[in-house]
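Listed in order, the protein sequences are those of chains A and B.
Count the first sequence with numbering that gives the first Met the number 0 and you get residues 0 to 92, in order.
Count the second sequence with numbering that gives the first Met the number 0 and you get residues 0 to 937, in order.
Quick reminder that beta carbons are idealized off the backbone N, C-alpha and C, glycines included.
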Amino acid sequence: MQLIPCPWCGPREEAEFHYGGQAHVAYPEDPSALTDEQWAQYVFFRDNPSGPFAERWSHSAGCRRWFNAVRDTRTHELLATYRSGEPMPEVAP
Amino acid sequence: MTFRTPTGGEVDRTTLLRFTFNGQDYTGHPGDTLASALLANGVHEIGTSVKLGRPRGIVAAGSEDPTSLVQVEAPFPEPMLLATTVELYDGLVARGLAGQGRLAAEPDPARYDAKHVHCDVLVVGAGPAGLMAALTAARSGARVVLVDEQNRPGGALPVFEEHLDDRPAAAWVADVVAELKGTPGVLVLDRTTAFGMYQDGFVLALQKRTDHLGFAAPAGVARQRVWRIRTKQTVLATGAHERPVVFPDNDRPGIMLASSARTFLRRYGVLPGSRAVVFTTHDSAYCAAIDLAESGVDVALVVDARPEAPAALAAECAARGIEVRAGRVVTGTEGEGRITAVHVGDEVVACDTLLVSGGWNPVVSLFSQAGGTLLHDDGLGAFVPGPAEPTVRVAGAANGNLDLARCLGDGSVCGAEASLGAGFDPRTMVPRPVPDARCTGRSGLVLWRVPGSDETSFVDLQRDSTVADVLRATGAGLRSLEHIKRYTTIGTAHDQGKTSGMIAAGIVAEALGVELAEQRPTTFRPPYTPVSFAALAGRNRGELHDPVRVTAIHPWHVAHGAVFENVGQWKRPWYYPRPGEDLHTAVLRECRAAREGVALMDGSTLGKIDVQGADAGEFLDLLYTNLMSTLKVGRIRYGVMCGVDGMVIDDGTVIRVGEERYLVTTTTGNAAKILDWMEEWLQTEWPHLDVHCASVTEHWATIPLVGPKSRAVLAAVAPSLDVSNAAFEFMTWHDTEVAGVPARVCRISFSGELAYEINVTAWHGIAVWEALMAAGEEHGITPYGTETMHVLRAEKGYPIIGQETDATVTPQDLGMSWAVSKKKADFIGKRSFARAENNRADRKQLVGLLPVDPRVLLPEGAQVVETDRLPEPPVRMLGHVTSSYPSAALGRTFALALVRSGRDRIGETLHVPVGDALVPVTVTGSVLYDQEGTRRDG
Numbered sequence: 000m001q002l003i004p005c006p007w008c009g010p011r012e013e014a015e016f017h018y019g020g021q022a023h024v025a026y027p028e029d030p031s032a033l034t035d036e037q038w039a040q041y042v043f044f045r046d047n048p049s050g051p052f053a054e055r056w057s058h059s060a061g062c063r064r065w066f067n068a069v070r071d072t073r074t075h076e077l078l079a080t081y082r083s084g085e086p087m088p089e090v091a092p
Numbered sequence: 000m001t002f003r004t005p006t007g008g009e010v011d012r013t014t015l016l017r018f019t020f021n022g023q024d025y026t027g028h029p030g031d032t033l034a035s036a037l038l039a040n041g042v043h044e045i046g047t048s049v050k051l052g053r054p055r056g057i058v059a060a061g062s063e064d065p066t067s068l069v070q071v072e073a074p075f076p077e078p079m080l081l082a083t084t085v086e087l088y089d090g091l092v093a094r095g096l097a098g099q100g101r102l103a104a105e106p107d108p109a110r111y112d113a114k115h116v117h118c119d120v121l122v123v124g125a126g127p128a129g130l131m132a133a134l135t136a137a138r139s140g141a142r143v144v145l146v147d148e149q150n151r152p153g154g155a156l157p158v159f160e161e162h163l164d165d166r167p168a169a170a171w172v173a174d175v176v177a178e179l180k181g182t183p184g185v186l187v188l189d190r191t192t193a194f195g196m197y198q199d200g201f202v203l204a205l206q207k208r209t210d211h212l213g214f215a216a217p218a219g220v221a222r223q224r225v226w227r228i229r230t231k232q233t234v235l236a237t238g239a240h241e242r243p244v245v246f247p248d249n250d251r252p253g254i255m256l257a258s259s260a261r262t263f264l265r266r267y268g269v270l271p272g273s274r275a276v277v278f279t280t281h282d283s284a285y286c287a288a289i290d291l292a293e294s295g296v297d298v299a300l301v302v303d304a305r306p307e308a309p310a311a312l313a314a315e316c317a318a319r320g321i322e323v324r325a326g327r328v329v330t331g332t333e334g335e336g337r338i339t340a341v342h343v344g345d346e347v348v349a350c351d352t353l354l355v356s357g358g359w360n361p362v363v364s365l366f367s368q369a370g371g372t373l374l375h376d377d378g379l380g381a382f383v384p385g386p387a388e389p390t391v392r393v394a395g396a397a398n399g400n401l402d403l404a405r406c407l408g409d410g411s412v413c414g415a416e417a418s419l420g421a422g423f424d425p426r427t428m429v430p431r432p433v434p435d436a437r438c439t440g441r442s443g444l445v446l447w448r449v450p451g452s453d454e455t456s457f458v459d460l461q462r463d464s465t466v467a468d469v470l471r472a473t474g475a476g477l478r479s480l481e482h483i484k485r486y487t488t489i490g491t492a493h494d495q496g497k498t499s500g501m502i503a504a505g506i507v508a509e510a511l512g513v514e515l516a517e518q519r520p521t522t523f524r525p526p527y528t529p530v531s532f533a534a535l536a537g538r539n540r541g542e543l544h545d546p547v548r549v550t551a552i553h554p555w556h557v558a559h560g561a562v563f564e565n566v567g568q569w570k571r572p573w574y575y576p577r578p579g580e581d582l583h584t585a586v587l588r589e590c591r592a593a594r595e596g597v598a599l600m601d602g603s604t605l606g607k608i609d610v611q612g613a614d615a616g617e618f619l620d621l622l623y624t625n626l627m628s629t630l631k632v633g634r635i636r637y638g639v640m641c642g643v644d645g646m647v648i649d650d651g652t653v654i655r656v657g658e659e660r661y662l663v664t665t666t667t668g669n670a671a672k673i674l675d676w677m678e679e680w681l682q683t684e685w686p687h688l689d690v691h692c693a694s695v696t697e698h699w700a701t702i703p704l705v706g707p708k709s710r711a712v713l714a715a716v717a718p719s720l721d722v723s724n725a726a727f728e729f730m731t732w733h734d735t736e737v738a739g740v741p742a743r744v745c746r747i748s749f750s751g752e753l754a755y756e757i758n759v760t761a762w763h764g765i766a767v768w769e770a771l772m773a774a775g776e777e778h779g780i781t782p783y784g785t786e787t788m789h790v791l792r793a794e795k796g797y798p799i800i801g802q803e804t805d806a807t808v809t810p811q812d813l814g815m816s817w818a819v820s821k822k823k824a825d826f827i828g829k830r831s832f833a834r835a836e837n838n839r840a841d842r843k844q845l846v847g848l849l850p851v852d853p854r855v856l857l858p859e860g861a862q863v864v865e866t867d868r869l870p871e872p873p874v875r876m877l878g879h880v881t882s883s884y885p886s887a888a889l890g891r892t893f894a895l896a897l898v899r900s901g902r903d904r905i906g907e908t909l910h911v912p913v914g915d916a917l918v919p920v921t922v923t924g925s926v927l928y929d930q931e932g933t934r935r936d937g
């Protein structure tokens, strides 16, 4: 049972959290201006790196806030967590 | 004949415990295990092997034993326990197993629970290394948890009867434990096995609290407890297991690990037999030979595989008349059941006991589980822990340090490092006691097996897997230990290969001609020892398995005989059968009441979300496909929500409560999901919007009052409310009083009939329900359940999200283009509606199906095909039946279905395979009852 450091509550057990996929994928400014392919990129396509990955998490059984984390997908180690709206911090994998 | 020594050991000879094994009555003493008590009675044969039916006995004295599986029958049936780990109690009834046990047919009356503990330093194992580590950490001020599998601390120390500082080792153990228990913040747990080690210092341990009390176990005490330990630093002092040597016919009862025989003698006062042969590759077995000889066993011979026997130990043997033969090996055994003779080359030596030692395997399971690297130690012939992890250290025999002085030193160093790692200063080092050990050391020879009959040379005694099986695997081209483990099943039994895994690796390396260092050991996984599901479930069983949600009106439903269905965690009345009615007849009656008279249901489970804020209207415009910001206060609108892919995720009504306040309803099962969905968009995409959401589902009791007579009933209980059609229009709401309590009444209908939805605070739910029942009595008011609700809405073609839809259905597919705004610049899902895929003419669309034979009820989920005869597969599927009911209003059966190009097929005859038949059905529009909507206003 991994500990996830919620930027609002501190370290809590992973069972209190809910995964939200890749972070920093903004809802397009004007969807109607996009081609079908550009829209499909937003709706269906996400990165799947081996290594550090910025992703969204929600502390769903705690403060119920969404935040972002950088996780090494090879080790599950959380390299950083930060609040929504903050820039992704520099991390060394 | 008894094999109990007159004195010695940790058993209480003044008390007799009666027990039954394989139908025979025996006695033992407090302090015995079932295994030691059986050996004391001369019983070596425990059960038979799982595949070959060969007799099997007791190989080891602890949890590493591969063979002594028993079924306990009384006090409560429990399968697959090891005789070596069952503490004896009066009245125990057990029998030996052939590898498979029997679960109890009746529920387990015992209680199981779980407890959380946080600490700075966790020490696993209370042997010499673990005690030193725990004491060092405790003196530094750290919060220490010390867990040990056995029923008393000390590990092998008191068994090996080493002296420490010229005192018996047991006295030193007692002093250390007394100090630990007297130190605030230190927790010492015996009978507690750390069985799993996970990330971030999370360790699970199973404590057997009352198992050893048998029939005397107090009812109010949890039998077993799972400790959920979160620690900053861990010291693993889990010791080592003696390793056997494989040779032909090495599985007979009476063949035992040398140190285990010593444990039975020293700890339990039990002799393993009358005449013993010892086969060793290591010094430590000499101590067993000498101990047994001094206790009266005729030790016929020590066979030492090494070219030369250790001089000092050989001299001690000679002084006791024990012959030592070096450079020889055991090549076979004889015996019908128990062993009767040993073959050493051509020589046959009669005996009833053969003690074997092939060296020691450090217990590295938890270290490996924690992600530690294992390295092969050629001197030990075993995998040992690699470099310590930042928060996990290994001390003593578990780290490959077999002699006592090094165990003690290792323990104090690891304890100090762990304390520092947890932020404590182990300023005063604990003085290390000085041992006088004689029988440990690293002077072993690594020997995996003695060549001979491979088919009877057993590697894994529990799995009946032999050297021949291993060689078949390597012969078939397998090289990885993981593959060979699965091919041979070696290491997959209850013991997880504690005695067999290393040997299998060694034999594989020999067969492949590779170095063991090149072999990657198989992965160690939790649990280290078997854990019952009852213990893992703890208190979360029966009623506590999953929370049950009931509405405020639930007691009334129970009192009036409702049959319930589970909707998520909710208990909802399904139907209210009268005497003699089944589901079908009850539902026809309830439907008729709703269409012809008046009926009511408990709709309180409907999800309700209070949406407030200056931007609430803008927010709902983005979430729903239709416009919500234009809704006037006092009015209600039906809405559909989609995902970004344009697929329907929920529907419901939106009530405008005030300028900056809306009440949104969701389907019962989606309430939590939709609140999360709102929060996700508000927090991650639109944090600038001034909107706040809160679940208010449980605040309200919600009662739909349905049918042409509903207006009269409502008027009777709400005298201050003008219920006329002109004053109280469809899709509006009024705050008023119903049955004397404040209520919000909404004119919405999920049945097509005139209907009112009465909302009151949950507190008044039952009172208002009963008032409605009383007021409606003269009209024959009828309570109805979810089944009737489903039929009524299906007759009107109203979809249920999740039943008519999956994740591939758009509002347009449902025929709800009218609910999709063309005015709004954007909303979630809008852009996807323009995708080519969403505009294909052959998308599946919601339609009605009428079986040509009006009595045939189509099964929900049945496929829809075009032809009246099935062609060769693959058959083209047009869609499937989503809902299907008999209808009182239609006087026939009907169904809703998703069908390719469904709306273009209205009037066509399609077919639905049911069993072997193809049922002809006519495609219709989805609204089957009151297409004109004339019934809505009563």
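Taking one beta carbon from each stretch, the segment 331-338 of chain B and the segment 263-270 of chain B have fewer than 3 pairs nearer than 8 Å; the two do not touch. Contact note: Phe-729(B) does not reach chain A at a C-beta cutoff of 7 Å; the least C-beta distance is about 34 Å.
Comparing C-alpha distances from Trp-573(B) to each of Gly-579(B), Gly-567(B), Val-586(B) and Glu-580(B) shows the shortest one belongs to Val-586(B). The alpha carbon of His-556(B) has as its nearest neighbour, out of Gly-100(B), Tyr-783(B) and Leu-543(B), the alpha carbon of Tyr-783(B).
A direct Cα-Cα distance of roughly 55 Å separates Cys-286(B) from Ala-79(A). Within the segment 688-730 of chain B, complete beta strand (DSSP E) segments of at least 3 residues are found at 691-694 and 699-705, given in chain order.
No Cβ of chain B is located within less than 8 Å of the beta carbon of Leu-78(A). Rounded to whole angstroms, Ala-82(B) and Pro-108(B) show a C-alpha spacing of 23 Å. Judged by beta-carbon spacing, Ala-59(B) lies within the 8 Å limit of Thr-498(B), meaning their Cβ atoms are closer than that value. Contacts with chain B at 8 Å (Cβ-Cβ) include Gly-84(A). At a cut-off of 8 Å between beta-carbon atoms, Pro-30(A) makes contact with chain B. Within the segment 356-382 of chain B, the beta strand (DSSP E) runs of at least 3 residues that lie entirely inside it are, in chain order, 359-361 and 373-376.
In the structure shown, the three-state DSSP call for Thr-209(B) is coil.
Within the segment 173-204 of chain B, Tyr-197, Gln-198, Asp-199 and Phe-201 place their CB atoms closer than 7 Å to a CB of chain A, listed in sequence order.
With respect to the 8 Å criterion, His-211(B) and Tyr-88(B) are classified as neighbours on the basis of their beta carbons. Rounded to whole angstroms, Ala-818(B) and Asp-649(B) show a C-alpha spacing of 13 Å.
Where Leu-662(B) is concerned, the enclosing beta strand (DSSP E) starts and stops at 660-665. Excluding five sequence positions before and after Ala-404(B), the CB atoms of its chain that fall closer than 6 Å to its own CB belong to Pro-434, given in chain order.
Taking C-alpha positions only, Arg-904(B) is separated from Val-922(B) by approximately 6 Å. In this structure Gly-779(B) is exposed. Its beta-carbon is surrounded by fewer than 16 other beta-carbon atoms within 10 angstroms. Taking a beta-carbon distance threshold of 8 Å, Pro-686(B) counts as an interface residue toward chain A. With fewer than 16 other CB atoms across the displayed protein chains lying within 10 angstroms of its CB, Arg-166(B) is exposed. Counting along the chain, no alpha helix (DSSP H) covers Met-640(B); the unbroken beta strand (DSSP E) around it starts and ends at 635-641. Closer than 8 Å to the CB of Arg-538(B) there is not a single CB belonging to chain A. Counting along the chain, no alpha helix (DSSP H) covers Gly-828(B), and no H or E run does either.
Under the Cβ distance rule, Glu-679(B) counts among the residues neighbouring chain A, one pair being separated by less than 8 Å. Shown here for Thr-14(B): same chain residues with a beta carbon closer than 7 Å to its own, the five before and five after excluded, namely His-28 and Pro-29 in chain order. By the criterion of a C-beta distance shorter than 7 Å, Asp-112(B) is surrounded in its chain by Ala-221, Arg-224, Gly-537 and Arg-538, once the five residues flanking it on both sides are discounted. In terms of CA proximity to Trp-676(B), Val-643(B) leads the group Ser-67(B), Val-643(B) and Glu-72(B).
Note on Thr-32(B): 16 or more other CB atoms within 10 angstroms of its CB, so buried under the neighbour-count rule. Check the Cα spacing between Phe-423(B) and each of Pro-858(B), Trp-685(B), Gln-232(B) and Gly-914(B): the tightest is with Gln-232(B). Of all residues in the segment 58-74 of chain A, only Ser-59, Arg-63, Arg-64 and Trp-65 come within less than 8 Å of chain B when Cβ atoms are compared, listed by chain position. Against chain A, a Cβ distance below 8 Å from Ser-831(B) picks out Trp-38 and Val-42.
The continuous alpha helix (DSSP H) containing Met-788(B) extends over residues 785-794.
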